[in-house]
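Written below as structure tokens is the structure these notes are about.
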Amino acid sequence: MTTSSRTCPVPAVNGHMTHYPAAPYPLLFPPVIGGLSLPSLHGLQSHPPTSGCSTPSPATVETQSTSSEELVPSPPSPLPPPRVYKPCFVCQDKSSGYHYGVSACEGCKGFFRRSIQKNMVYTCHRDKNCVINKVTRNRCQYCRLQKCFEVGMSKESVRNDRNKKKKEPSKQESTENYEMTAELDDLTEKIRKAHQETFPSLCQLGKYTTVSMPQLEVWDQAPDTR
1 MTTSSRTCPV PAVNGHMTHY PAAPYPLLFP PVIGGLSLPS LHGLQSHPPT
51 SGCSTPSPAT VETQSTSSEE LVPSPPSPLP PPRVYKPCFV CQDKSSGYHY
101 GVSACEGCKG FFRRSIQKNM VYTCHRDKNC VINKVTRNRC QYCRLQKCFE
151 VGMSKESVRN DRNKKKKEPS KQESTENYEM TAELDDLTEK IRKAHQETFP
201 SLCQLGKYTT VSMPQLEVWD QAPDTR
């Protein structure tokens, strides 16, 4: 297999024209046409050919995964657990909340409030060391009150609560007595008499009856002045 070679003139060097064989693959080294060269191989390599099936970029994949996650509804948040109070510090019964500084039931709360507000003085018929629990709390009021103090119930909390209620204005209907003077009494009597003279009483309403009169033709009864 023979390859034809051509010579390409090269500008003269020292006044003599020089001939070199042409390149076997002229497309790889394109000539200069009109001062403009074709795109170089470096430019062609920087832009690879695109095919019908393009590989998605990592940013596109991440965006698609993010959008798909947004479409999925998030599970509902769990309800907060119910608030659980500690048992009553006095009798170990079910507590209704914190009253006068400690966790207490409604029974011990009311007992302590009444004892402080009324300055009650109790007496223990035993050795002042009675066991106070849900069953025996009503047997010895002295030991029950002492147990309230031991667990931390505060007298000041009861007094502050009482003073707060006193400051609230009570809604009372104010009744005012007006004394009528002689001038107002005389004026009232004159108005009453004028009303009786102007308007008939109920017993006199029967005297006033309505009489239906036939319609009169005014133009027929009018004298003829012609």
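Quick note on the UniProt record's numbering: the sequence shown kicks off at 1 and runs consecutively.
Every residue, glycine too, gets a C-beta built ideally from N, C-alpha and C.
Judged by DSSP secondary structure, residue 100 falls outside any beta strand (DSSP E); it is assigned neither H nor E. According to the DSSP assignment, residue 144 belongs to the alpha helix (DSSP H) that extends over 141-151. Shown here for residue 88: same chain residues with a beta carbon closer than 6 angstroms to its own, the five before and five after excluded, namely 95, 104, 105, 108 in chain order.
Cα atoms of residue 117 and residue 86: separation of roughly 26 angstroms, rounded to the nearest angstrom. In the three-state reduction of the DSSP assignment, residue 184 falls in the helix class, which pools H, G and I. Distance from the CA of residue 124 to the CA of residue 134, rounded to the nearest whole angstrom, comes to 18 angstroms.
In this structure, the alpha-carbon of residue 186 lies about 13 angstroms from that of residue 194.
A residue is called buried when at least 16 other Cβ atoms come within 10 angstroms of its Cβ; residue 112 meets this threshold and is buried.
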